[in-house]
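Undergrad: The structure follows.
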Amino acid sequence: MRRLTSTVSIVATRDACARYGMAATAVSALSTEPPAILVCINRAATLHAPLMRVRRFSLNLLHERQLELIAPFSGKLDHDARFAHGEWCDAHGVPMLAGAQATLWCAVDGDFSYGSHTIVIGRVDSVSTAGPVAPLLWQDGAPCAARALAPCLHDAQ
Numbered sequence: 001m002r003r004l005t006s007t008v009s010i011v012a013t014r015d016a017c018a019r020y021g022m023a024a025t026a027v028s029a030l031s032t033e034p035p036a037i038l039v040c041i042n043r044a045a046t047l048h049a050p051l052m053r054v055r056r057f058s059l060n061l062l063h064e065r066q067l068e069l070i071a072p073f074s075g076k077l078d079h080d081a082r083f084a085h086g087e088w089c090d091a092h093g094v095p096m097l098a099g100a101q102a103t104l105w106c107a108v109d110g111d112f113s114y115g116s117h118t119i120v121i122g123r124v125d126s127v128s129t130a131g132p133v134a135p136l137l138w139q140d141g142a143p144c145a146a147r148a149l150a151p152c153l154h155d156a157q
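Following this line, the structure appears as structure tokens:
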């Protein structure tokens, strides 16, 4: 599984009392009609219970310049202390990371358990993009960056 390369994202939500977030790589596009994604969340994560209650979240796709956000959103920091890292604001009722290469605002449209995780289907309600596409990736247990291959396939068409 370490050979599966994934974009590093931060899944974020809030309830009446606090903000919650975690770094995630088990994220995938599901459909375009309706627009939906899959996010796999460990049931032991502090984000899990609040997300299952409020059923709204943002998915913030990290830019390669946002490497420093992986540790606070992956470690043992208190849920609110994580948000001292990065520039966060509230949009659509949930936290949004400024400078993320994209943010998707989602409503939980379905969820089911498998092993230690809950597979969450997020119906994408809104999307915001910023700057050039330069995703922060995770491969073989470490962060990495994408590079263009020459010749670029979409240029050949």
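At the far end of the sequence shown sits residue 157, using full-length UniProt numbering, and the numbering has no gaps. Ideal placement from N, C-alpha and C gives every residue a C-beta, glycine not left out. Nothing here was measured: the structure is a model prediction, and the numbers come from that model.
Which runs of the beta strand (DSSP E) fall wholly inside the stretch 46-134 and span at least 3 residues, in chain order?
TA: Listed in chain order, they are 56-61, 88-91, 94-97, 102-114 and 117-129.
Undergrad: Which whole-angstrom value is the C-beta distance of G122 and C106, which I expect to be below 8 Å?
TA: About 3 Å separates the two Cβ atoms, so the contact holds.
Undergrad: Is the beta carbon of V133 less than 8 Å from the beta carbon of L104?
TA: Cβ distance not < 8 Å, so V133 and L104 don't count as in contact.
Undergrad: From P50 to A29, what distance separates their C-alpha atoms?
TA: Taking the straight line joining both Cα atoms gives about 23 Å.
Undergrad: Just the C-alpha distance for A23 and A45, rounded to the nearest angstrom, thanks.
TA: Going from the Cα of A23 to the Cα of A45 covers about 10 Å.
Undergrad: Give the DSSP bridge partners of G21, in chain order.
TA: DSSP lists A12 as partners of G21.
Undergrad: If contact is defined by three or more beta carbon pairs under 8 Å, each pair taking one atom from either stretch, is the stretch 84-98 in contact with the stretch 63-72?
TA: A contact exists between the stretch 63-72 and the stretch 84-98.
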